[in-house]
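Presented below is the structure to which this report refers.
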Amino acid sequence: GAVVSQHPSRVICKSGTSVKIECRSLDFQATTMFWYRQFPKQSLMLMATSNEGSKATYEQGVEKDKFLINHASLTLSTLTVTSAHPEDSSFYICSASGTLAGGPTDTQYFGPGTRLTVL
Amino acid sequence: QKEVEQNSGPLSVPEGAIASLNCTYSDRGSQSFFWYRQYSGKSPELIMFIYSNGDKEDGRFTAQLNKASQYVSLLIRDSQPSDSATYLCAVNRGYGNKLVFGAGTILRVKS
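Structure below.
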């Protein structure tokens, strides 16, 4: 149980384009999803928290107009990086928490991540 | 003071030994505690969670929690080279499901 998928796993795009990343909980209802970014050899950095049907809550310093998050259902959240630039190149990872039989509701299960390269 | 502190390592142990990973946290109101393992280039995967003081065992892994000392640890028995990874300690301070992560400890198990 507790499988989270992410698509695409890797994307290369040109500067100025937008990229959408999907995060899906496959076998449980994700009431809350999280988006992280991780640069090489650095810690996870939480970007935003989203609850199904609500606006995302962004961490300080994260531009909400640049990183658009939608959590339209209990199994799907999307992150859109708008007008991407080379400095946005990073490893983007989503996680999900929710109701999973036998487990605590605050446990986060991570997707496999999306490696974004902006040329 | 960081909210969740871990020794960055690397912690090197020989194969078959016990690896001991430590984590301290600053918020006494923290309610739940997690250990994740992250291999290089991959996303974190959950190893264990613990809520109550004491020990919790799962296979070769034992999580230990001492809320009075604000300390949580992870013991890995019979360490294997495949255990070589970065281990992340995470704490739920009680504000929704948001976790605060430590920077991680690099573990190297040498055969």
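Residue numbers (this note's numbering), protein chains in the order written: chain G, 35 to 153; chain S, 9 to 119.
The beta carbon of each residue, even a glycine, is placed where N, CA and C say it ideally should be.
(message) So if I threshold CB-CB distances at 9 Å, which residues from the segment 61-73 of chain S count as touching chain G?
(response) none
(message) Mapping the DSSP letters down to three states, classify aspartate 86(S) as helix, strand or coil.
(response) coil
(message) Cβ closer than 7 Å: which chain G residues qualify as neighbours of lysine 106(S)?
(response) Those within 7 Å of lysine 106(S) in chain G are Thr83.
(message) Ignoring anything shorter than 3 residues, give me the beta strand (DSSP E) runs that lie fully in the segment 44-119 of chain G, in order along the chain.
(response) 44-47, 53-59, 63-72, 79-85, 101-107, 110-115
(message) Quick check for students: name the residue ranges of the alpha helix (DSSP H) that lie wholly in the segment 71-119 of chain S, counting only runs of 4 or more.
(response) none
(request) Could you tell me which chain G residues have their CB closer than 8 Å to the CB of proline 23(S), listed as they occur along the chain? (result) A small correction: the amino acid at residue 23(S) is glutamate; proline does not occupy that position in the sequence shown. Those do not exist, as glutamate 23(S) stays about 25 Å from chain G at its closest Cβ, beyond 8 Å.
(request) For aspartate 140(G), decide whether its Cβ has a neighbour in chain S, counting only Cβ atoms nearer than 8 Å. (result) yes
(message) Would you say serine 92(S) lies against chain G (beta-carbon separation less than 8 Å)?
(response) no
(message) As a quick exercise: from Gln142(G), Glu93(G), Ser117(G), Asp140(G), pick the residue whose alpha carbon is nearest that of lysine 54(G).
(response) Ser117(G)
(request) Per DSSP, which residues does glycine 132(G) bridge with? Please list them. (result) Ala64(G)
(request) Following the continuous beta strand (DSSP E) through proline 22(S), name the residue where it begins and the one where it ends. (result) 19-22
(request) Flag this pair as yes or no: are the beta carbons of threonine 70(S) and threonine 94(S) separated by less than 8 Å? (result) no
(message) Which of the three DSSP states is assigned to glutamate 11(S) in this structure?
(response) coil
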